[in-house]
Every structure is written in structure tokens, then in C-alpha cells.
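**Q** Everything in the sequence shown is counted per the working numbering, starting at 12 for the first residue and increasing by one.
Yeah, the Cβ is synthetic: ideal placement off N, Cα and C, and Gly gets one too.
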Amino acid sequence: MVDPASGPFLFDTSAEGWLARQQSGVAAEWFRRYLAFHPVHVSAATVLERARGYSLLWRRATQERRHFVEAARLAYLAALGQVWPVD
């Protein structure tokens, strides 16, 4: 396994989401150690993919649930670390 201190690393959409959802185990511990050294770095393409995902979810949501989707989208954008202009 790669030493978390040797980053920072650029995460794609699936890796960023998967790592963030890990509650226990080796991956969760690795990500906790990584975050102790570095913020999460993502590409502009990753941000666009995530924004598109929120848009699709918002369109399918009932009127009563849309504000939760919008709040999640805004929280994601507000918490972004470094965004790199690569695809």
C-alpha cells in the first residue's frame, strides 16, 4: 500500500466518493492518515462529474427532497480542496 505521507494524490470521482464512504477497515484508516497530511485534491473533471450527479439526483427527487440534494451539492462545493485543471 502507498504511504499516505507520500502524496498529495489526485483523486477521481469514484475514488473520492468511495474513500469518503469508508467507515472502518484498511481503506478508512489509510484515508484518515492521508487527510492528516494532505487535503483532498481533485480534477476539474471530477468536480463537473459530481455536479452532474447532483443535478441528475435533483431532477429525480420529489419537490420535498430537492432542498436536501441542493444542500449536499453546496456543501460539496464549499468543502472542495485543490481543484486541478486536468481531465
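#1: Helix, strand or coil, according to DSSP, for residue 91 in the structure here?
#2: Look at the alpha carbon of residue 84 and the alpha carbon of residue 65, and state the distance between them as a whole number of angstroms.
#3: Apart from the five residues on each side of it in sequence, which residues of its chain come closer than 6 Å, Cβ to Cβ, to residue 23?
#4: Kindly provide the ranges of any alpha helix (DSSP H) runs that are 4 or more residues long and lie completely inside the stretch 56-93, ordered along the chain.
#5: Please work out which residues of its chain come closer than 7 Å, Cβ to Cβ, to residue 67, disregarding the five sequence neighbours upstream and downstream, and give them in chain order.
#6: For my contact list, residue 88 and residue 54 are in at a C-beta cut-off of 8 Å; report their separation, rounded to the angstrom.
#7: Could you tell me which residues DSSP puts in a beta bridge with residue 46?
#8: If residue 19 sits next to residue 41, beta carbons under 8 Å apart, how far is it from one beta carbon to the other, in whole angstroms?
**A** The short version:
#1: If DSSP states are grouped into helix, strand and coil, residue 91 belongs with coil.
#2: The alpha-carbon atoms of residue 84 and residue 65 are separated by roughly 6 Å.
#3: These residues qualify, in order along the chain: 57.
#4: Qualifying alpha helix (DSSP H) stretches, in chain order: 77-89.
#5: There are no such residues.
#6: Going by Cβ atoms, the distance from residue 88 to residue 54 rounds to 15 Å, so no, they are not a contact pair.
#7: Beta-bridge pairing by DSSP links residue 46 to no other residue.
#8: In this structure, residue 19 and residue 41 do not form a Cβ contact; the two beta carbons are roughly 14 Å apart against a cut-off of 8 Å.
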